[in-house]
Structures are given as structure tokens and as C-alpha cells.
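Down below is the structure, laid out as C-alpha cells.
2 protein chains.
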Amino acid sequence: MATDQLSVIFGALADPTRRAILARLADGPATVNELAEPFAITLPAISKHLKVLERAGLISRGREKQWRPCRLEAEPLREATEWMSRYRQFWESSFDKLDAHLRTILKGPEQ
Amino acid sequence: MATDQLSVIFGALADPTRRAILARLADGPATVNELAEPFAITLPAISKHLKVLERAGLISRGREKQWRPCRLEAEPLREATEWMSRYRQFWESSFDKLDAHLRTILKGPEQ
DNA sequence: GTGGTAGTTTACCGACTAGCTAATTAACCG
DNA sequence: CGGTTAATTAGCTAGTCGGTAAACTACCAC
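Residue numbers (UniProt numbering), protein chains in the order written: chain L, 1 to 111; chain P, 1 to 111.
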């Protein structure tokens with residue numbers, strides 16, 4: 001994967017396990033074991049995912065006794081959303097097209 | 001990469017060449033050679049990128065004589081933005097934190 | 001037909017990724 | 001100290017990714 005910040009962010013989001021970890025962290029900080037619990041993968045695999053998320057700036061990690069609590073950092077999501085917002089006009093216009101299409105359908109078959 | 005739709009979308013966006021292609025397509029449809037022109041990579045590489053973008057639903061392709069014009073399809077970007085919007089409160093609140101931090105700094109060093 | 005232009009497919013390569021197991025570090029508890 | 005829990009590191013495998021060169025398809029013009 002490329003090393004520019006947006007690529008790292010999108011790359012981190014391109015994995016359902018990592019997105020699920022972010023979703024869990026939206027409910028508050030959690031330890032690595034707590035984050036791992038819902039998944040059928042080993043702790044080292046989770047550890048790697050956390051490193052990817054950390055590199056993307058999507059989480060930060062503290063130190064408390066023997067635990068290393070993770071917390072959500074959403075700033076990169078703001079950046080990513082900002083990048084996408086440039087295209088908003090396009091999906092809004094395609095929504096308009098869908099809307100028009102639905103209207104046509106709801107008018108019933110032309111005969 | 002995982003095969004769920006969001007993963008495919010984010011995976012497609014996790015490459016600067018592909019994001020540049022989308023940016024170019026925001027100015028209107030283009031042929032493969034037109035899209036390839038700004039890049040120092042071969043045509044087959046561009047062809048692969050286009051396939052990734054197509055699989056993510058980010059572009060669609062027509063057929064006109066010997067050309068296969070590409071056009072932007074922004075609907076997946078809407079989906080991705082929608083997914084991220086769940087976290088908006090977090091980046092807004094961390095902006096608040098930054099704001100507060102800056103205020104603290106601007107008050108000058110406490111002594 | 002020949003030849004040129006537009007683009008894709010195939011086969012290959014090196015780098016990276018996601019997963020595993022096993023070993024290791026770090027911090028606590030008794 | 002030894003034992004337990006929390007988490008990371010190391011080393012491996014299998015698969016994917018971004019790129020290439022070479023061959024192929026499709027269309028147009030002569």
C-alpha cells in the first residue's frame with residue numbers, strides 16, 4: 001500500500017475486523033483482550049490490526065498497569081470525509097437520477 | 001482484502017493512482033489512454049486499477065467504437081461517507097478538545 | 001487483406017498482508 | 001522469588017497487490 005496519509009487511512013478501513021474494532025471503541029476505550037473477544041482470531045492478529053489502526057491515527061493507546069487501553073481517534077475520519085466531500089455533488093445528482101427513475105416506475109408500465 | 005462492499009470501496013480508495021483517476025473523472029468521462037496519460041505506469045497497470053474501481057462501483061464503462069470511455073459513479077462514496085458519519089460526533093468533539101488546548105496555549109505558559 | 005490505434009489478458013515478479021504458533025516482554029499478585 | 005495475566009515480537013505460510021512484458025482482441029482506414 002502507498003504511504004501517503006489518505007492511503008493509510010483508507011487502507012486501515014478496508015478491513016471489516018478493523019471497522020468492527022472502531023465501532024466497539026465508539027462505545028468507549030477498551031483493552032486489547034476486550035477488543036479481541038468478539039473475533040475468532042488470535043490475539044497477535046488483533047495486535048497487528050491495532051498497529052495498522054494506530055499508524056492511520058485512528059486509535060491511540062495508553063498504559064495502565066499491565067493493560068494497554070485503546071481509544072478512538074476520529075480525526076482521520078474527518079480528513080477522509082473531507083476528501084470525499086469533493087464528490088458529493090455527483091452522488092447527489094445520481095440520487096436525483098434514481099429518484100426520477102423511481103418516479104417513472106411508480107407511474108406504472110407505459111402502455 | 002475482504003469481499004464485503006465497504007471493504008472493496010475503501011480498498012479501491014487506498015491507492016493514490018486510483019484516487020487521481022477519480023479526480024480526473026470528476027471533470028467528465030475519459031478514455032483509458034486519457035486516464036493513463038498523467039501517470040508513469042504502463043497501460044495494463046491502469047487497466048487493473050480501472051477494474052478495481054469498477055468492482056467497487058466507483059466507475060462505469062461504455063463502449064464507443066474502439067474506445068471504452070469511463071465515467072465516475074459516486075454512489076459508493078455516499079455509502080462510505082454514510083458509514084463514517086457515525087463517528088462525526090467524535091471528530092467534532094476532538095476538534096473541541098483541540099480548540100480548548102489551543103486556548104490554553106494561547107493564554108501563555110503557566111508560571 | 002495490411003497496418004495502426006485502443007485496450008485487455010496472461011504470465012510472471014517482488015513486496016506486502018492476514019493469519020497462525022511459539023516465544024518473549026511487562027506488570028501484577030502472593 | 002515464582003506464577004499469572006496482558007500484550008507484543010518473531011518466524012512461518014498462503015494469498016493478494018502493483019507493477020512489468022508480451023501476446024491477444026477489437027475496431028478503423030487504406
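C-beta atoms are modelled at their ideal positions from N, C-alpha and C, and glycine is treated no differently.
In this text the structure is predicted, and so the values were computed from the model without any measurement.
- Can you give me the start and stop residues for the beta strand (DSSP E) that Leu58 of chain L sits inside? For the purposes of this step, residue 58 of chain L is identified with residue 58 of the first sequence, where counting begins at 1. Looking at the DSSP string, Leu58 of chain L is not in any beta strand (DSSP E), and its letter there is neither H nor E.
- Query: From the beta carbon of Glu64 of chain P, is the nearest beta carbon of chain L less than 7 Å away?
  - Reply: Within the second sequence, numbered from 1, the residue matching residue 64 of chain P stands at position 64. With its beta carbon at least 7 Å from every one in chain L, Glu64 of chain P lies outside the interface.
- Message: Please report the straight-line C-alpha distance between Ala36 of chain L and Leu43 of chain L, rounded to a whole angstrom.
- Response: The residue labelled residue 36 of chain L in the question sits at position 36 within the first sequence. The residue labelled residue 43 of chain L in the question sits at position 43 within the first sequence. Inter-residue distance for Ala36 of chain L and Leu43 of chain L is about 6 Å (C-alpha atoms, whole angstroms).
- Tell me where the beta strand (DSSP E) around Arg19 of chain L begins and ends. Counting from 1 along the first sequence, the entry for residue 19 of chain L is found at position 19. Annotation: Arg19 of chain L is outside any beta strand (DSSP E); the continuous alpha helix (DSSP H) that includes it extends over Pro16 to Leu25.
- Message: So Trp67 of chain P contacts chain L; which residues on that side make the cut at Cβ distance below 7 Å?
- Response: Reading the second sequence from its first residue, position 67 is the one you call residue 67 of chain P. Simply none; closest approach about 22 Å.
- Within the 7 Å Cβ cut-off, does Gly11 of chain L reach chain P? Residue numbering aside, residue 11 of chain L sits at position 11 when the first sequence is read from its first letter. Chain P, which has a Cβ nearer than 7 Å to the Cβ of Gly11 of chain L, makes this yes.
- Does DSSP classify Ala30 of chain L as helix, strand or coil? Reading the first sequence from its first residue, position 30 is the one you call residue 30 of chain L. DSSP places Ala30 of chain L in strand when its eight states are reduced to three.
- Query: Buried or exposed: which applies to Arg19 of chain P, given that a residue is buried once 16 or more other Cβ atoms fall within 10 Å of its Cβ?
  - Reply: Here residue 19 of chain P corresponds to residue number 19 of the second sequence, with the count starting at 1. Classification of Arg19 of chain P: buried, given that the 10 Å Cβ count is 16 or more.
- Check Arg88 of chain P in the structure and name its three-state DSSP category. Position 88 of the second sequence, counted from the start, is the residue given in the question as residue 88 of chain P. Helix at Arg88 of chain P.
- Along the chain, where does the beta strand (DSSP E) that runs through Arg68 of chain P open and close? For the purposes of this step, residue 68 of chain P is taken as residue 68 along the second sequence, with counting starting at 1. Unbroken run through Arg68 of chain P: none, as it is neither H nor E.
- With a Cβ-Cβ cutoff of 7 Å, do Gly58 of chain L and Pro29 of chain L count as a contact? Locating residue 58 of chain L in the first sequence gives position 58, where the first residue counts as 1. Locating residue 29 of chain L in the first sequence gives position 29, where the first residue counts as 1. Looking at the sequence provided, one finds Leu at residue 58 of chain L rather than Gly. Contact flag unset, no.
- Message: Just to check my reading of the structure: Val8 of chain L and Ala80 of chain L have Cβ atoms closer than 8 Å, yes? What is that Cβ distance to the nearest angstrom?
- Response: Counting from one through the first sequence, the residue named residue 8 of chain L turns up at place 8. Counting from one through the first sequence, the residue named residue 80 of chain L turns up at place 80. Not confirmed; about 10 Å, so no contact.
- Under a three-way DSSP split, which group does Thr81 of chain L fall into? As a working mapping, residue 81 of chain L is identified with position 81 in the first sequence. In the structure shown, Thr81 of chain L sits in a helix (DSSP, three-state: H, G or I).
- Query: Near Glu54 of chain L, which residues of its chain fall below 6 Å by C-beta distance, leaving aside the five closest residues on each side in sequence?
  - Reply: Numbered from 1 along the first sequence, position 54 holds the residue referred to as residue 54 of chain L. Nothing meets the Cβ criterion.
- Message: I need the straight-line Cα distance from Arg24 of chain L to Ala74 of chain P, nearest angstrom please.
- Response: Working through the first sequence from its first residue, we reach residue 24 of chain L at position 24. Working through the second sequence from its first residue, we reach residue 74 of chain P at position 74. A direct Cα-to-Cα measurement between Arg24 of chain L and Ala74 of chain P gives close to 28 Å.
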